[in-house]
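Asker: Start counting at 1 in the sequence shown, then tack on 2, and there's your number in our numbering. Think of the CB as a built atom: it goes at the ideal place given N, C-alpha and C, for glycine as much as any other residue. Computed from a predicted structure; not experimentally measured.
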Amino acid sequence: MTMDSSSATPLDSTWWVFTLPAVLQTHNLSNPLVYLSIILAFLTVTILTWALTTGGLAWKNGRNQMGRVPIPGPRGLPFFGSLFTLSYGLAHRTLACMASSHAATQLMAFSLGSVPAVVTSDPQIAREILTSPHFVDRPLKQSAKSLMFGRAIGFAPNGAYWRFLRRIASTHLFAPKRIAAHETWRQLDSAKMLQAICSEQSLRGVVSLRTHLQNASLNNIMGTVFGKRYDLLHCSEEAQELLELVKEGFELLGAFNWSDYLPWLNYFYDPFRVRERCSALVPRVQKLVKQIIDEHRINKPGKLLDNADFVDVLLSFEGEEKLEEDDMVAVLWEMIFRGTDTTALLTEWAMAELVLNPNIQKKVQGELDAVVGDRAVTERDIPKLPYLQAVVKETLRVHPPGPLLSWARLSTSDLHLSNGMVVPANTTAMVNMWAITHDQGVWKDALAFKPERFLVSQGGEDVDVRGSDLRLAPFGAGRRVCPGENLGLVTASFWVAKLVQHFEWVQDQANPVDLSEVLKLSCEMKNPLRAVAVPRNGVHA
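#1: In the DSSP output, which residue or residues are listed as bridge partners for Arg-411?
#2: Assuming the contact rule is C-beta atoms closer than 8 Å, Ala-171 and Pro-485 should be a hit. Round their C-beta distance to whole Å, please.
#3: Keeping to the same chain, check which residues put their C-beta closer than 6 Å to that of Leu-109; ignore five residues upstream and five downstream.
#4: What are the residues that DSSP puts in a beta bridge with Ser-113?
#5: Please report the straight-line C-alpha distance between His-136 and Pro-125, rounded to a whole angstrom.
#6: Kindly indicate which residue of Ala-475, Thr-344, Leu-417, Gln-363 has the alpha-carbon position closest to the one of Ser-524.
#7: Note down, in chain order, each residue of its chain lying with its Cβ closer than 8 Å to the Cβ of Ala-106, except the 5 sequence neighbours on either side.
#8: Under three-state DSSP, which class holds Pro-178?
#9: Excluding the five sequence neighbours on either side, which residues of its own chain have a C-beta within less than 6 Å of the C-beta of Arg-455, listed in chain order?
#10: Is Asp-139 helix, strand or coil by DSSP?
#11: With respect to the beta strand (DSSP E) encompassing Cys-200, which residues constitute its N-terminal and C-terminal limits?
#12: Which residue comes first and which comes last in the alpha helix (DSSP H) that contains Arg-286?
#13: If we ignore side chains and look at the alpha-carbon of each, how far apart do Leu-220 and Gly-478 end up?
#14: Can you tell me the Cα-Cα spacing of Lys-266 and Ser-113, whole angstroms?
#15: Please name the residue in Arg-277, Leu-316, Thr-342, Glu-278 whose C-alpha comes closest to that of Asp-296.
#16: Report yes or no: do three or more beta-carbon pairs, one from the segment 426–443 and one from the segment 402–411, lie closer than 8 Å?
#17: Give the range of the alpha helix (DSSP H) segment to which Phe-319 is assigned.
#18: Where do the ends of the alpha helix (DSSP H) carrying Met-330 lie?
#19: Hey, quick one: how far does the alpha helix (DSSP H) through Pro-125 stretch, first residue to last?
#20: Could you tell me the distance, in whole angstroms, from the CA atom of Val-444 to the CA atom of Tyr-271?
#21: Which of helix, strand or coil does DSSP assign to His-418?
#22: Please classify Gln-367 as buried or exposed, where buried requires at least 16 other C-beta atoms within 10 Å of its C-beta.
#23: So, for Arg-129: in the same chain, excluding its five sequence neighbours on each side, which residues have a beta-carbon less than 8 Å away from its beta-carbon?
#24: Does DSSP classify Gly-404 as helix, strand or coil?
#25: Cutting at 7 Å between CB atoms, please list the residues of its own chain near Ala-146, excluding the five before and the five after it.
#26: Which partner residues of Ile-86 appear in the DSSP bridge assignment?
#27: Quick test of your reading: Pro-530 and Ser-261, contact by CB under 8 Å. State the CB separation rounded to the nearest angstrom.
#28: Under 8 Å from any heavy atom of the ligand FMN, does the C-beta of Met-68 make it?
#29: Taking 9 Å as the threshold (C-beta atoms), are Thr-414 and Val-138 in contact?
#30: Can you grab the Cα-Cα spacing for the pair Pro-12 / Arg-206, in whole Å?
#31: Write down every uninterrupted run of the beta strand (DSSP E) in the segment 467–542 whose length is 3 residues or greater and which is fully enclosed by it, in chain order.
#32: Comparing C-alpha positions only, which one of Leu-412, Thr-226, Gly-115 sits nearest to Gly-78?
#33: Tell me which residues share the same chain as Gly-225 and place their Cβ nearer than 6 Å to its Cβ, disregarding the 5 neighbours each side in the sequence.
#34: Grouping DSSP H, G and I as helix and E and B as strand, with all else coil, what is Ser-172?
#35: Only counting the same chain, and skipping five residues up and downstream in sequence, which positions put a Cβ closer than 7 Å to that of Val-117?
#36: Determine the DSSP secondary structure at Leu-79, reduced to helix, strand or coil.
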């Protein structure tokens, strides 16, 4: 299937400066004083423009004042804007502080090098941006383009190709019927995880939970997408290669790459070796994924079953819907890549809160005992466990995996907002979901972990986290909402239920729970959770 053509990456507005030496030599104007005069004039104009421009140089010519209400924001530094401020630390917390100090929580303009950007910390403005047809595209990072994601659902431009990918993912991978068809495999994955936790607890007296969650998460998505599962405790060569590919991909896509915002850097050097590392990674990805596709071609079923994996689904398309092999590799690679970390990290955050709040942990266990009894909990029990669901929702509120909704949006035309501001075309927009979920004006006792806020029976609200209520939309909203949100919620809820049903989780006194964050591709616990897993009596596996 042919992909829609996308517009070329806009040039940095300062590109012409680098042509001056050639121009001067051509006209015999190579006198050092001429050079110095031109440079001083350029710097003077730049600094004056910067000093008079709210939001920084990327917002010159009054682009943030197109509406009846101008968009406030920091100037940052000449040329660099707010790059230095946001290139280290926790960007979501930094942006929240910047928006507060500039009275710009509704919308704040700032510059990322030559890229004009806005960020909102307001649910209503977030809804208008995320659901607008003007913001259906995403800016394509250099690493995403190099890693083939420009051909996959996450970054493909709006058009027939993207809509086709979205439809087949929603219908054949993330539909409730398809999710239910793979429940048996998730039961097996959770059983292996519980067994591995028991072994580590017996051997070491404490459990490092993240490794077990990531292994189960990888196997879960591998089974759904590739129809394969691995023994990740005793890795085969193929399994080890897959783990290394996913790890390297996470690092590359999560890195803050200055070249995305200062394109002229590409002409001088690659500060984070992004191009070099991507060039080394992509052939390895293609080799592994194409090998799995070839295996499926040999064993292609005559008819698609409800539990068919995604490779078989893609191979079943014929005619105009048939994907080129490189496109198929990109789509499958993205599914593995995106489906591996979010569920594991969400579960780890939930378990960390339960270790820190043993009274809440006991309430979950009490609900499980009352509803499920001594049999093993299943995914079909989850709808009958409202307190467990409230714990997962509260975890998403306090620790959203993508505090800036992971990937930004790009405006294709001017957007007029209800507050009188206008976001011009070719602007990168972010939603600071972390700021919204920690806003005392939006959530009462916003800094406290209180699952009861989501229980109607206890005076709370039954908030839908799948994009209809922008006070809590960790998976985004609108056309670019995460297609795997249902699978992620089902799996995380099921794993938390399994872990709490089978063990009482107690804080390791030698390594107390630390809720410090580190922002990579997702927001992770800076120090992975270590806790003591005490088996509970009377529960069958």
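Answerer: In terms of the structure at hand:
#1: Against the sequence shown, residue 411 aligns to sequence position 409. The partner list for Arg-411 (beta bridge, DSSP) reads Ala-431.
#2: In the sequence shown, residue 171 corresponds to position 169, counting from 1. In the sequence shown, residue 485 corresponds to position 483, counting from 1. With 8 Å as the limit, Ala-171 and Pro-485 qualify as a contact, their Cβ atoms being about 5 Å apart.
#3: In the sequence shown, counting from the first residue as 1, residue 109 sits at position 107. Taken in chain order, the residues that qualify are Ile-73, Val-120, Thr-122, Ile-127, Met-423.
#4: Sequence index remark: in the sequence shown, residue 113 carries index 111 (1-based). In the DSSP output, where bridge partners are listed per residue, Ser-113 has Pro-118.
#5: As a working mapping, residue 136 is identified with position 134 in the sequence shown. As a working mapping, residue 125 is identified with position 123 in the sequence shown. If I take the Cα positions, the gap works out to 18 Å.
#6: For the purposes of this step, residue 524 is identified with residue 522 of the sequence shown, where counting begins at 1. Answer by Cα proximity: Thr-344.
#7: As a first step, residue 106 is located in the sequence shown; it is residue number 104 there, counting from the start. The answer, listed in chain order, is Ile-73, Pro-74, Gly-75, Met-100.
#8: One-based indexing of the sequence shown puts residue 178 at position 176. Looking at Pro-178 - three-state DSSP - the assignment turns out to be helix.
#9: Counted from its first residue, the sequence shown places residue 455 at position 453. Cβ within range, chain order: Gly-462.
#10: The residue you call residue 139 lines up with position 137 of the sequence shown. In the structure shown, Asp-139 sits in a strand (DSSP, three-state: E or B).
#11: Residue numbering aside, residue 200 sits at position 198 when the sequence shown is read from its first letter. Segment 185–206 is the alpha helix (DSSP H) holding Cys-200; no beta strand (DSSP E) there.
#12: The residue labelled residue 286 in the question sits at position 284 within the sequence shown. Residues 276–300.
#13: The residue you call residue 220 lines up with position 218 of the sequence shown. The residue you call residue 478 lines up with position 476 of the sequence shown. Taking the straight line joining both Cα atoms gives about 23 Å.
#14: Numbered from 1 along the sequence shown, position 264 holds the residue referred to as residue 266. Numbered from 1 along the sequence shown, position 111 holds the residue referred to as residue 113. The sequence shown places Trp at residue 266, not Lys. Roughly 16 Å between the two C-alpha positions.
#15: In the sequence shown, the residue the question calls residue 296 occupies position 294. Of Arg-277, Leu-316, Thr-342, Glu-278, the residue nearest in Cα terms is Leu-316.
#16: yes
#17: On the sequence shown, position 317 is the one that residue 319 refers to. Phe-319 -> no alpha helix (DSSP H), and no H or E assigned at all.
#18: By 1-based counting over the sequence shown, the position of residue 330 is 328. Here the alpha helix (DSSP H) through Met-330 covers 327–358.
#19: Taking the first residue of the sequence shown as 1, we reach residue 125 at position 123. Note, Pro-125: alpha helix (DSSP H), 125–132.
#20: Start at 1 with the first residue of the sequence shown, and residue 444 comes out as number 442. Start at 1 with the first residue of the sequence shown, and residue 271 comes out as number 269. Going from the Cα of Val-444 to the Cα of Tyr-271 covers about 45 Å.
#21: For the purposes of this step, residue 418 is taken as the residue at position 416 of the sequence shown. It is a strand residue.
#22: Taking the sequence shown and counting its residues from 1, the one referred to as residue 367 is at position 365. Gln-367 is buried by the Cβ-count criterion.
#23: For the purposes of this step, residue 129 is identified with residue 127 of the sequence shown, where counting begins at 1. These residues qualify, in order along the chain: Leu-472, Ala-479.
#24: Numbered from 1 along the sequence shown, position 402 holds the residue referred to as residue 404. Here Gly-404 sits in coil by DSSP.
#25: Looking up residue 146 in the sequence shown gives position 144. Excluding positions up to five away in sequence, the list reads Gly-152, Phe-157, Leu-255.
#26: Working through the sequence shown from its first residue, we reach residue 86 at position 84. The sequence given here places Phe at residue 86; Ile does not occur at that position. None; Phe-86 has no bridge partner.
#27: Translated into the one-based positions of the sequence shown, residue 530 becomes position 528. Translated into the one-based positions of the sequence shown, residue 261 becomes position 259. The pair is not a contact, with the Cβ atoms about 31 Å apart (cut-off 8 Å).
#28: With respect to small molecules bound, the structure shown includes none, and the ligand FMN cannot be examined in it.
#29: Here the question's residue 138 lines up with position 136 in the sequence shown. Here the question's residue 414 lines up with position 412 in the sequence shown. Yes. Within cutoff.
#30: Locating residue 12 in the sequence shown gives position 10, counting from the first residue. Locating residue 206 in the sequence shown gives position 204, counting from the first residue. Any reading at Pro-12 must be qualified, since the residue scores a pLDDT of 44, below 50, and its modelled position is unreliable; the value itself is stated next. Straight-line Cα distance between these residues: approximately 55 Å.
#31: 505–509, 519–521, 525–527, 532–537
#32: For this step, residue 78 is matched to residue 76 along the sequence shown. When only C-alpha atoms are compared, the closest one is Gly-115.
#33: Counting from 1 along the sequence shown, the entry for residue 225 is found at position 223. Hits under 6 Å: Trp-187, Arg-231.
#34: For this step, residue 172 is matched to residue 170 along the sequence shown. Ser-172: helix per DSSP, three-state reduction.
#35: If you number the sequence shown from 1, residue 117 lands on position 115. Cβ neighbours of Val-117 beyond the five flanking positions: Ala-60, Tyr-263, Thr-430.
#36: Within the sequence shown, residue 79 is the residue found at index 77, counting from 1. Reduced to three states, the DSSP call for Leu-79 is strand.
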